[in-house]
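What follows is a short report on a single structure.
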Amino acid sequence: MKVMNSELLSSCSEMVDCFNEIAMNSDCRVVVLSGAGKFFTAGIDLTDVASDVLSPEGDDTARISWNIRKKLFKFQEAFSVIERCPKPVVVAIHGACIGAGVDLISACDIRMCTQDAWFQVKEVDIGLAADVGTLQRLPKVIGSRSLVNELALTARKMFADEAKSSGLVR
Numbered sequence: 021m022k023v024m025n026s027e028l029l030s031s032c033s034e035m036v037d038c039f040n041e042i043a044m045n046s047d048c049r050v051v052v053l054s055g056a057g058k059f060f061t062a063g064i065d066l067t068d069v070a071s072d073v074l075s076p077e078g079d080d081t082a083r084i085s086w087n088i089r090k091k092l093f094k095f096q097e098a099f100s101v102i103e104r105c106p107k108p109v110v111v112a113i114h115g116a117c118i119g120a121g122v123d124l125i126s127a128c129d130i131r132m133c134t135q136d137a138w139f140q141v142k143e144v145d146i147g148l149a150a151d152v153g154t155l156q157r158l159p160k161v162i163g164s165r166s167l168v169n170e171l172a173l174t175a176r177k178m179f180a181d182e183a184k185s186s187g188l189v190r
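Residue numbers (our numbering): 21 to 190.
Shown next, in the form of structure tokens:
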């Protein structure tokens, strides 16, 4: 299976370091994020996270849950550092923006997309809550908790026209 611009746990620390450096760099005036290839992002690479969940101390439910919690905090911090960035953060979205991709763009200041872009809060399909930023930030971005609830509870796709009319993108 080919992974399409998925977000890896290993890149979270890099993103935090990068945005902290950008914040201090007076030569940087704006940040532009974009994806390469067919999709903007396919979200978190679950195989990457799953392979790192079992701890050397044991594989009981409590330890697995604790490890998952620690990993989610790393993703949350990687997106929160974008939101806290003192420089404007612009994101250019094309194709699919799935799961944690919606978390990421919700932390940006300006969101723009191509006509072929679509957005999907996919976590519910695998029994997870969209708790890396979508549920916290998206209602503020689009101004409708009802629409956010619908997207998060049904995993339906939101296409570019609806994303624009809802205020998610320009």
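The beta-carbon is built from N, C-alpha and C at its ideal position, and this holds for glycine as well.
- Nearest to I88 by C-alpha distance, out of V101, D37, A149, C38, is A149.
- Apart from sequence neighbours up to five positions away, the residues of its chain that approach I162 with a beta-carbon distance below 6 Å are S186, G187, L188, ordered along the chain.
- The beta carbon of S126 sits closer than 7 Å to those of G153, T154, R157, L158, V161, all from its chain and outside the five residues before and after it, given in chain order.
- Between C105 and F39 a beta carbon distance of about 5 Å is seen, short of the 8 Å cut, so the two are scored as contacting.
- Between the alpha carbons of K184 and T134 lies a gap of roughly 10 Å.
- Each of D47, E170, R190, K90 was checked against the Cα of H114, and the nearest Cα belongs to R190.
- Residue environment analysis places E34 among the exposed positions, since fewer than 16 neighbouring C-beta atoms fall within 10 angstroms of its C-beta.
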